[in-house]
Amino acid sequence: MAQPISHRPTQLLHIQQQDAIKIAASILQSGGLLAFPTETVYGLGADATNPQAVADLYAAKGRPAFNPLISHFPHAEDAIQNGIFNDAARKLAAAFWPGPLTLVVPFAGGAICDLARAGLDTVALRVPDHPVAQALLAACGCPVVAPSANRSGHVSPTSAAHVMEDLSGRIDGILDSGPTEVGVESTIIDATGPIPYLLRPGGITREAIESVLGFAITAAAVDDSTRPASPGRLASHYAPRAHVRLDASGVEAGEALLTFAGATPPGAEQAATIFDLSPEGDLTQAAARLYDALRTLDASGARAIAVVPLPRTGLGEAIADRLGRAAAPRPQEDLMINT
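Be aware that the sequence shown starts at 105, since it is given in the working numbering, and climbs by one per residue.
Following this line, the structure appears as structure tokens:
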């Protein structure tokens, strides 16, 4: 069982230390959380194929809601295998990878978990241009999500000391190779359609991108509900076919039950199927299992999913956010990526 957030002794690894990369990679491979340098800022890494590790990352950062995360790879060839790349995306990847550019493309299927992608059919991919990051990613052998290594709302870290100030005791390790170079996060481009557009400016300028594409690009409009410019703008996100009924005080005939901490509301015995997000009442475990729970309950063929009242503190707020979107009439894709 993973150690609780805020009870993790944080190991500081210096890049000059013998076997530092090997030790750092083992932290990620074992489901731990590791801060490491990229050319932009220090990222907080977790195995992108491990839902529990990704849930732990959200808890460590104290994020108030789920957002899709960027998956990092050591080589462009590795990243491209996980997405569906049109001509524009391939041009940008060839020009700027490795480098501070994130491409949002349709997900090609693979090991990147639902929680890392926020349940979307798209995936955010990046190949950092930093020798330590590249060596770590190659040694780890798995895609690594890595939002900025800071508590949510704080200034992004450009040194190991910054990370230690924010996350000491909440993560397993920090790989220190000195201050980062770029100091601002990657540029994010939505390349899901024939015409790319800018989701976030960053380390690659708009002008440089336009010179490769051969045409001007536009930024996502902040008031366009189909193309949000920031996380959490959509009323609906991942919605199962079955209607989701929140804060259910009982279970009606034909409904499936999504419960927590062993709660059994009246009528539970007639539920089509039951999924307990965490019998132990662990919100981090509940977050890691949420998407699987919704899919499992939906697959039962139940007409509706009754959801018991859940805690709204810590990751409970994020879980409530996702369930609120699942209960909305129709899902839409929120493509904005966290860091």
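Virtual Cβ for every residue (Gly too), placed ideally from N, Cα, C. Because the structure is a prediction, the values reported are computed rather than measured.
Quick check on the DSSP output: what are the complete beta strand (DSSP E) runs of length 3 or more inside the segment 114-154, in order along the chain? 115-118, 138-141, 146-151
Quick one: grab the DSSP three-state call for His111. By one-based count along the sequence shown, residue 111 stands at place 7. Reduced to three states, the DSSP call for His111 is coil.
Is the number of C-beta pairs between the segment 230-245 and the segment 128-146 that are closer than 8 angstroms three or more? yes
Under the rule that 16 or more other beta-carbon atoms within 10 Å means buried, what is Thr309, buried or exposed? Residue numbering aside, residue 309 sits at position 205 when the sequence shown is read from its first letter. Result: exposed.
Name, in chain order, the residues that DSSP records as bridge partners for His176. Sequence index remark: in the sequence shown, residue 176 carries index 72 (1-based). Its beta-bridge partners are Arg230, Val248.
Using only CA atoms, which one of Asp191, Lys195, Ile174, Pro202 lies nearest to Val208? By one-based count along the sequence shown, residue 208 stands at place 104. When each option's Cα is compared against that of Val208, the closest is Ile174.
Inter-residue spacing [alpha-carbon to alpha-carbon] between Glu356 and Ala372: In the sequence shown, counting from the first residue as 1, residue 356 sits at position 252. In the sequence shown, counting from the first residue as 1, residue 372 sits at position 268. The alpha-carbon atoms of Glu356 and Ala372 are separated by roughly 8 angstroms.
Once the 5 residues before and after Gly307 are set aside, which same chain residues still bring their CB inside 8 angstroms of it? As a working mapping, residue 307 is identified with position 203 in the sequence shown. The residues are Glu143, Thr144, Gly203, Pro204, Leu205, Val286, Val288, Glu289, Ser290, Thr291.
Three or more C-beta pairs below 8 angstroms linking the segment 378-396 and the segment 350-364: yes
Which of the three DSSP states, helix, strand or coil, is assigned to Gly208? Your numbering for residue 208 matches position 104 in the sequence shown. Reading the sequence as shown, one finds Val at residue 208 and not Gly. Strand, per DSSP.
So for Ile188, helix, strand or coil by DSSP? Along the sequence shown, read from residue 1 onward, the residue named residue 188 stands at position 84. Correct three-state label for Ile188: coil.
Buried/exposed call for Leu213, threshold 16 Cβ in 10 Å: Mapped onto the sequence shown, residue 213 falls at position 109. Correcting the residue type first, residue 213 is Gly in the shown sequence and not Leu. Classification for Gly213: exposed.
Under the rule that 16 or more other beta-carbon atoms within 10 Å means buried, what is Val259, buried or exposed? Your numbering for residue 259 matches position 155 in the sequence shown. Val259 comes out exposed.
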